[in-house]
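Numbering (the numbering used here), first residue to last: 168 to 203.
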């Protein structure tokens, strides 16, 4: 039970990290477009 909870937490952390990276990439792209 504890192992499964830890795995779920690790997956959630990875998912949050991926979404943060995607948001950062989109923010940089929009910033570059506005500068153009």
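We treat Cβ as the ideally placed atom computed from N, Cα and C, and that holds for glycine.
Suppose you measure from the CA of residue i to the CA of residue j; what does that come to, to the nearest Å?
i, j, result
"residue 219", "residue 173", "As displayed, the chain neither begins before 168 nor continues past 203, which places residue 219 out of reach and without an answer."
"residue 192", "residue 198", "10 Å"
"residue 203", "residue 186", "26 Å"
"residue 200", "residue 180", "30 Å"
"residue 178", "residue 188", "15 Å"
Helix or strand or just coil, what does DSSP make of residue i?
i, result
"residue 195", "helix"
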